[in-house]
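If you count the sequence shown from 1, you need to add 39 to reach the working numbering. Taking it in order: structure first as structure tokens, then the write-up.
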Amino acid sequence: MDSFRVDIVSAEESLFSGDAAFVLAPLAEGEAGFLPGHSPLLGRLKAGALHIHDTAGVEQAFYVSGGFVEVQPDHVIVLADSSQRAADIDEARALKAVQDAEEAVRERLGKVDYARAESELTEALARLRVARTFRGRARGLPPNRIA
């Protein structure tokens with residue numbers, strides 16, 4: 040088995056559906072890579088970059104804010120809280136979201152508000168990191184081509 044089916048869906052849309060040779064996902068416990076034939080797994084996603092390498096070696100990158108990934112030997116399903124193609128992330132907007140979240144963290148005095156503000160900051164930083172990482176890699180394509 041050289042490939043498996045990958046689907047990325049969120050409440051807003053189905054973002055990707057296709058065959059892949061490798062998937063790298065940001066799990067709560069750390070990054071995990073999946074190849075065709077992988078044993079079944081259900082994992083919790085954290086905010087970060089999800090990488091899909093197709094059978095031609097082209098890499099596609101996505102931002103996921105959290106959710107779950109179900110891995111079967113012939114199929115990977117990503118159920119993201121929200122997701123976005125890395126190439127579609129507006130870096131200036133992502134930076135502004137980080138600055139707004141940092142300000143909210145400084146201003147929040149209550150524990151619940153502080154925890155929410157920290158969570159928003161974590162997600163904003165992850166989105167900005169994905170945008171910057173893949174924008175730079177897209178300019179100098181090797182070693183992986185990015186779609």
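In this text, a Cβ means the ideal position worked out from N, Cα and C, and glycines have one as well.
Residue j beta carbon less than 8 Å from that of residue i
{"i": "V62", "j": "G82", "result": "no"}
{"i": "V45", "j": "V115", "result": "yes"}
{"i": "F73", "j": "L89", "result": "no"}
{"i": "I128", "j": "V169", "result": "yes"}
{"i": "D113", "j": "F43", "result": "yes"}
DSSP three-state assignment for residue i, whether helix, strand or coil
{"i": "S42", "result": "coil"}
{"i": "V108", "result": "strand"}
{"i": "P182", "result": "With a pLDDT of 42 at P182, under the threshold of 50, the modelled position of this residue cannot be trusted; read the value that follows with caution. Three-state DSSP puts P182 in coil, outside helix and strand."}
{"i": "V51", "result": "Position check: residue 51 holds Glu in this sequence, whereas Val was assumed. Coil."}
{"i": "A170", "result": "helix"}
{"i": "D152", "result": "helix"}
{"i": "D58", "result": "strand"}
Closer than 7 Å: residue i CB and nearest the ligand GTP heavy atom
{"i": "F101", "result": "Within the structure as shown, the ligand GTP is missing, as the structure has no ligands at all."}
Range of the contiguous beta strand (DSSP E) that encloses residue i
{"i": "A100", "result": "V97 to V103"}
{"i": "E70", "result": "G69 to F73"}
{"i": "S121", "result": "Premise fails: S121 is in no beta strand (DSSP E) and is neither H nor E."}
{"i": "A64", "result": "F61 to L66"}
{"i": "G87", "result": "G87 to H92"}
{"i": "G82", "result": "L80 to L84"}
Endpoints, alpha helix (DSSP H) assigned at residue i
{"i": "A131", "result": "E130 to E146"}
Within the chosen definition, does the segment 50-61 reach the segment 125-138 through at least 3 CB pairs nearer than 8 Å?
In short, these stretches do not touch, since the Cβ pair count stays below three.
For the pair the segment 157-170 and the segment 72-82, tell me if three or more CB-CB distances fall below 8 Å.
Below 8 Å, too few C-beta pairs join the segment 157-170 and the segment 72-82 to call them touching: fewer than three.
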